[in-house]
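Trainee: Residues in the sequence shown are numbered from 1 upward in steps of one, following full-length UniProt numbering.
Please read through the structure below; I'll follow up with questions.
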Amino acid sequence: MEYRKYLTTGAAVPARTARRWKRSAACSGSPRRKKVCVSAVTLSDPARMSCGPALDSHHPGPALDSLNPDPALVSFGPALNSHGPDPDPALDRHDPALVSCGPALNSHGPDPDPALDRHDPALVSCGPALNSHGPDPDPALDRHDPALVSCGPALNSHGPDPDPALDRHDPALVSCGPALNSHGPDPTRVPCDPALVSPDTDSALISTISVCEEPPLSFIPPVHQTSTNTSCAYGQVRQTATVEDTRKQHELLLLALKLKHGLTDEALEDTLKVVNVISQRHYVSSTKHHFYKTFDDLKRNIQFHYICEGCTISVNIEGEKVVCPNCQYSCRIADHMKQGHFFIVFPLESQLRNMMEQEELFSQLTRPNSAAHSSPLTDITDGELYKRVNRNIEGQSEHHVNLTLTFSCDGVPVFKKSSYSIWPLLYTVNELPPDLRAKQVMLAALWFGPSKPNCNTYLSPFVKECNQLLTHGFEWISVNGIHGRSKVFPLVAVCDSVARPMIQNFKQFNGEFGCSYCLQKGTVVEKGQGHVRVYPFESDTESRNHGSSLDFAREAIENRTTVKGVKGPSILSLIPSVDLIQGCVPDYMHACLLGVARSMTYMWVGSDNHENPWYVGRCIQVIDQKLHLIQPPSCVSRVPRSLRERNYWKAHEWYMWLFYYSIPVLKGILPECYLIHWTRFVKALALLLTESVTLQQIQEADIMLRRFVMEMGDLYGIQNMSYNVHLSLHLAQSVRNWGPLWAHSAFTFESYNHSLLKMIKSTQGVPLQIAKTFQLQKGLPLYAKKTLSNASSECISAFEDLVRPTHTQSAIRCKEVIALGGRHEKVRLEQDDYLALHNVANHIERELLVSYRDRAVINGEVTHSKRHSRERKRNSHVVVLTDNSIFSVDKFVVADLVSGEHCYAIGHYFETKRHSFFASLSNPHHFVAVGKKLGHLTAVPAAVIQRKCLFMNLPNLKVNYVFMFLNRNELTN
């Protein structure tokens, strides 16, 4: 062929020859031959080639080399062809951006072979349907998808190709280098695979020109992205993804972004539009409706239960209507939902299976210790009742893992000026470690309305499914391919003193026999201008138990009256594993922090008590001054606030006041007999809240709490013997049954209630908003594992940054420590630091270059040095070491030694003192008296830092005090 010479040599085509070729193409009966001839003219001109074949002006151009279409010129569309009719203008452009313009690109009539007009992977994937003119002699050439090009010899089986380099200008193949061309080096063209050789000249040119016409535009994502394998948190992945996979991956990133920052749907839709504008194509869904359809599988496992407005019982569904079986009320389902007479149920089985199929959670499940007695108690799995239940169920194995649940139900106001509230039914899996347990709170049901739910109606679906899972269990497949079955045993209910009697179906605390744990009747006394029911100390009160409570419930039904505070049967009694009395624990957060601590503080500073000997309201300014001198470490959520703002204190603030601030601040202000009485309460609770509680400590705490309750009436009067004070008598037994108080407190559930409130973005459809966001959050990990299996390393890294906290790029990892902040460059070791390091580190040289750092992450906690400039109202540099000594960190030093990089803390030790606030009572065990710092600098390996402490230097104290945090699971995590 004559035009072969020009194509293979790059020589300019004379104008006369070009016109002859054009006329020949117009008369040719073969669409493929026509395409070859037309394209050959354009190929002779690199200036025209750079604008794409659409610049075909029926006149040859001066040169031929550039094979990269210019999107700016291509966008001019048909206007670029102004020299008259083009016999096949569709062949002028195979860019998806122009193809998407539709028929406007081809105004000369039908195209005999429209399949050739489009090489967009989206159309190519439609297969043979693109070519309706009969069999294609070489259909492989119709597809220029890298996925097919990568198939190699299958695309071209006609023999040698005179110029295989032109077969592919895809960067993915270009990157293959000279290995693609076995015919020798080509100084002007990209080498090609010898497997793509063809003896037929026309076919070779067709494949050559067609492939050349695919534009490598930077903003159009390739159909496949090929690179090396990458190992990440989501396993070993191969970064090869189709356009559809890439779209899902990018929408996954947008979903993670929405959930992390709590974006509204309006903000999400705007984000989608911005992404599509930047990419210059509809690369992600253009509307929130289509966006959420991608994640439909994550939102299907919810059930709606309809209730009768008047009877508050479940109604029957008959066709499109709901009918109350009691009052025969009838209404259309849609209208019933609009009125809000429903609650939502989230099946336990799907959520628990989701958990079991996540390796990072499944591998952390603990095997319970079934020994009859074990001391100390370190978690809920060490409690007596937990072990009793565990001994009565089947043994566990790799394929049979039993799960137990702690659940909670409490009302949460949604709006400030409305009675509407949500009542979420939450639960956690006791076999997870405490830190993971707090992060894996699950939602079983959700009630929304202006009034409290009927608990027997609301808990009915939960109880029914629990019995099903307790009897038959559910099947799961771990990431390792292990097939297993788990049975589920609900054990513990955590509620406040309002919700607890609701689920027990008992009288509330202000009624006769209102205690959930004993049969003390209570006494009504005058207080202020009204009356209250109080619970004076009684040493021989009979305790309630599960069996007698069921008998009282039956008697109450028969006699239609309340018996010993029991109004009737509780639906929880239908779950065999739940003890109606000991399984409904007294929550210390509500009873002690928001109860006793708050009420006693109000008594001390309330003006109503100005005539009483315990009144200290006149000294409130002095108390506030002391509070403002306290600098807690960064792990404490809030710095101390004035007592004048006590109405706004949260439970965490009352926690800090009770265990850390109150005794040193009130020393010398509150009369000593009252402060000693208060200290007994603090000391007893502190023993029950430590990470590890011995049976001896439980007995000691029980004695102190009984004395605290007994003296309460003598010191403050019987009118202040509230139910919360009485509940203190039942805390020790709860620890024996279920481990330390923190293991079954409401802090975890109250924190998640706050997270549920943040899911609400408008006043309409509150429960549906929460349901959607909750399911997206819980389904995200498994969906991400599936979607990111073939994602690029950049995509995986971006997702991990969105779903978990990351450290700065300047962080240095030194075995068990991550050093942060400070100067990044290395400097010479200072003289004093050299002397300090010389005693603890080998191979330290005076000329050693080190990196000074301000902070370090140790045991998952950020510890600051004294030189950290941002610390003003906080002190995070006083720490306790593994040998229980107290140390103040001045700086962190990272040194590169023979054995690798090591991080050291340089500072001063504190000398410890023997000091007690009272002669007749020892300090609580977490108080440590310290003197001044030792004079010389000392270095210790940063890894020996155990945790941060609260350092207090108050003017009324003879010594300084350091307060150890009671456990890692509340406030300081």
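Even for Gly, the Cβ is constructed at its ideal location relative to N, Cα and C.
The structure presented is a predicted model; accordingly, all values stated were derived computationally and were not measured.
#1: By how many angstroms is the C-alpha of S885 removed from the C-alpha of K416?
#2: At the level of alpha carbons, what is the spacing between I623 and G606?
#3: Here's the rule I'm using: 16 or more other beta-carbon atoms within 10 Å means buried, otherwise exposed. How should F918 be labelled?
#4: H282 to F343, Cα distance in whole Å?
#5: Between L252 and T787, which are expected to be in contact by the criterion C-beta below 8 Å, what is the C-beta distance as a whole number of angstroms?
#6: Which residue from D265, C311 and Q303 puts its Cα closest to that of H289?
#7: Taking Cβ positions, are G473 and S486 nearer each other than 8 Å?
#8: Counting along the chain, where does the beta strand (DSSP E) carrying L849 start and finish?
#9: Quick one: Cα of M712 to Cα of N720, how far?
#10: Could you tell me which of M356, W614, L897 and Y588 sits nearest to S497, measuring between CA atoms?
#11: Going by DSSP, name the residue or residues bridged to L446.
#12: Just mark A597 as buried or exposed, buried being the case when its beta carbon has 16 or more other beta carbons within 10 Å.
#13: Any idea if N953 is buried or exposed, counting beta-carbon neighbours within 10 angstroms, 16 or more meaning buried?
#14: Please state whether the Cβ-Cβ distance between H399 and I482 is less than 8 Å.
#15: What three-state label does DSSP hand K464 in the structure shown?
#16: Tell me whether the beta-carbon of L405 lies closer than 8 Å to the beta-carbon of Y427.
#17: By alpha-carbon positions, which one of V323, E357, Q358 and M356 ends up nearest to H341?
#18: Measure how close the beta-carbons of L729 and L705 come, nearest whole angstrom, since I'm counting them as under 8 Å.
#19: If I945 sits next to T863, beta carbons under 8 Å apart, how far is it from one beta carbon to the other, in whole angstroms?
#20: For K933, name the three-state secondary structure that DSSP assigns.
#21: Could you give the DSSP three-state label for I333: helix, strand or coil?
#22: Per DSSP, L405 forms a beta bridge with which residues?
#23: Whose CA, out of F304, A334 and I380, lies closest to the CA of P347?
#24: Give me the DSSP bridge partner(s) of Q303.
#25: With the cut-off set at 8 Å, would you say H908 and L937 are in Cβ contact?
#26: Specify, as a first and last residue, the run of the alpha helix (DSSP H) that I770 falls within.
#27: So, do the stretch 571–581 and the stretch 615–635 have three or more beta carbon pairs nearer to each other than 8 Å?
#28: Who are the near neighbours of L268 in its chain, counting only those whose CB is closer than 6 Å to its CB and skipping five residues on each side?
#29: Taking DSSP's pairing of strands, which residues face P941 in a bridge?
#30: Have a look at A905, P325 and D883 and flag the residue whose alpha-carbon is nearest the alpha-carbon of P851.
#31: Quick check: what's the CA-CA separation for T731 versus V585?
#32: Helix, strand or coil for V862 per DSSP?
#33: Any idea what DSSP makes of P530, helix, strand or coil?
#34: Do T378 and E653 have their beta-carbon atoms positioned less than 8 Å apart in this structure?
#35: Once you ignore the five residues that flank E349 on each side, which residues in its own chain have a CB closer than 6 Å to its CB?
#36: Using a 10 Å radius around the Cβ and a threshold of 16 neighbouring Cβ atoms, would you call N956 buried or exposed?
Mentor: Once the coordinates are examined:
#1: By 1-based counting over the sequence shown, the position of residue 416 is 416. By 1-based counting over the sequence shown, the position of residue 885 is 885. A direct Cα-to-Cα measurement between K416 and S885 gives close to 48 Å.
#2: Indexing the sequence shown from 1 puts residue 623 at position 623. Indexing the sequence shown from 1 puts residue 606 at position 606. When rounded, the distance between both Cα atoms is 14 Å.
#3: Counting from one through the sequence shown, the residue named residue 918 turns up at place 918. F918 is classed as exposed because its beta carbon has fewer than 16 other beta carbons within 10 Å across all chains shown.
#4: Here residue 282 corresponds to residue number 282 of the sequence shown, with the count starting at 1. Here residue 343 corresponds to residue number 343 of the sequence shown, with the count starting at 1. Distance from the CA atom of H282 to the CA atom of F343, rounded to whole angstroms, is 38 Å.
#5: The count along the sequence shown starts at 1 and reaches residue 252 at position 252. The count along the sequence shown starts at 1 and reaches residue 787 at position 787. Yes, they are in contact, since the Cβ atoms of L252 and T787 sit about 5 Å apart, within 8 Å.
#6: If you number the sequence shown from 1, residue 289 lands on position 289. If we check each option's Cα against that of H289, D265 comes out closest.
#7: The residue you call residue 473 lines up with position 473 of the sequence shown. The residue you call residue 486 lines up with position 486 of the sequence shown. Closer than 8 Å, so yes.
#8: Locating residue 849 in the sequence shown gives position 849, where the first residue counts as 1. If you look at L849, you'll find it in the beta strand (DSSP E) that goes L849 to R853.
#9: The residue you call residue 712 lines up with position 712 of the sequence shown. The residue you call residue 720 lines up with position 720 of the sequence shown. Their backbone Cα atoms lie some 8 Å apart in a straight line.
#10: Indexing the sequence shown from 1 puts residue 497 at position 497. Cα-wise, what sits closest to S497 is Y588.
#11: Looking up residue 446 in the sequence shown gives position 446. Note: L446 sits in a beta bridge opposite I344 and P424.
#12: As a working note, residue 597 is residue 597 in the sequence shown. By the 10 Å Cβ count, A597 comes out buried.
#13: The residue you call residue 953 lines up with position 953 of the sequence shown. The residue in question, N953, is exposed, as its Cβ has fewer than 16 Cβ neighbours within 10 Å.
#14: Numbered from its first residue, the sequence shown carries residue 399 at position 399. Numbered from its first residue, the sequence shown carries residue 482 at position 482. Yes, these two residues count as a Cβ contact at 8 Å.
#15: What you label residue 464 is simply residue 464 of the sequence shown in a count that begins at 1. Residue state, collapsed to three classes: helix.
#16: As a first step, residue 405 must be located in the sequence shown, where it is residue number 405. As a first step, residue 427 must be located in the sequence shown, where it is residue number 427. Taking the C-beta atoms as reference points, Y427 is found nearer than 8 Å to L405.
#17: As a first step, residue 341 is located in the sequence shown; it is residue number 341 there, counting from the start. When each option's Cα is compared against that of H341, the closest is V323.
#18: As a position in the sequence shown, residue 729 is number 729, starting the count at 1. As a position in the sequence shown, residue 705 is number 705, starting the count at 1. Between L705 and L729 the Cβ distance is about 6 Å, and since that is below 8 Å, they are a contact.
#19: Here the question's residue 945 lines up with position 945 in the sequence shown. Here the question's residue 863 lines up with position 863 in the sequence shown. So it is a contact: roughly 6 Å between Cβ atoms.
#20: Numbered from 1 along the sequence shown, position 933 holds the residue referred to as residue 933. Three-state result, K933: strand.
#21: To locate residue 333, count along the sequence shown from 1; it is residue 333. Of the three classes helix, strand and coil, the one that applies to I333 here is helix, per DSSP.
#22: The residue you call residue 405 lines up with position 405 of the sequence shown. Beta-bridge pairing links L405 to V429 and P490.
#23: Sequence index remark: in the sequence shown, residue 347 carries index 347 (1-based). P347 has its Cα closest to that of F304, out of F304, A334 and I380.
#24: Sequence index remark: in the sequence shown, residue 303 carries index 303 (1-based). In DSSP, Q303 forms a bridge with V345.
#25: Here residue 908 refers to the residue found at position 908 when the sequence shown is read from its first residue. Here residue 937 refers to the residue found at position 937 when the sequence shown is read from its first residue. Contact flag set, yes.
#26: Translated into the one-based positions of the sequence shown, residue 770 becomes position 770. First-last of the alpha helix (DSSP H) with I770: V766 to T787.
#27: Verdict: no, contact absent.
#28: Your numbering for residue 268 matches position 268 in the sequence shown. Within the same chain, and ignoring the five residues on either side of L268 in sequence, the residues whose Cβ sits closer than 6 Å to its Cβ are K258 and K288.
#29: Residue mapping note: residue 941 aligns to position 941 of the sequence shown, counting from 1. Answer is Y904.
#30: Residue mapping note: residue 851 aligns to position 851 of the sequence shown, counting from 1. The residue asked about is misnamed: residue 851 is Ser in this sequence, not Pro. Nearest option by C-alpha distance: A905.
#31: Taking the sequence shown and counting its residues from 1, one reaches residue 731 at position 731. Taking the sequence shown and counting its residues from 1, one reaches residue 585 at position 585. According to the sequence shown, residue 731 is Leu rather than Thr. So the two alpha carbons sit approximately 8 Å from each other.
#32: For this step, residue 862 is matched to residue 862 along the sequence shown. Correct three-state label for V862: strand.
#33: Position 530 of the sequence shown holds residue 530. Correcting the residue type first, residue 530 is Gly in the shown sequence and not Pro. Three-state DSSP puts G530 in a strand.
#34: As a working mapping, residue 653 is identified with position 653 in the sequence shown. As a working mapping, residue 378 is identified with position 378 in the sequence shown. The answer is no: Cβ separation not under 8 Å.
#35: By 1-based counting over the sequence shown, the position of residue 349 is 349. Excluding sequence neighbours, E349 sits near F474.
#36: Locating residue 956 in the sequence shown gives position 956, where the first residue counts as 1. Per the 10 Å Cβ criterion, exposed.
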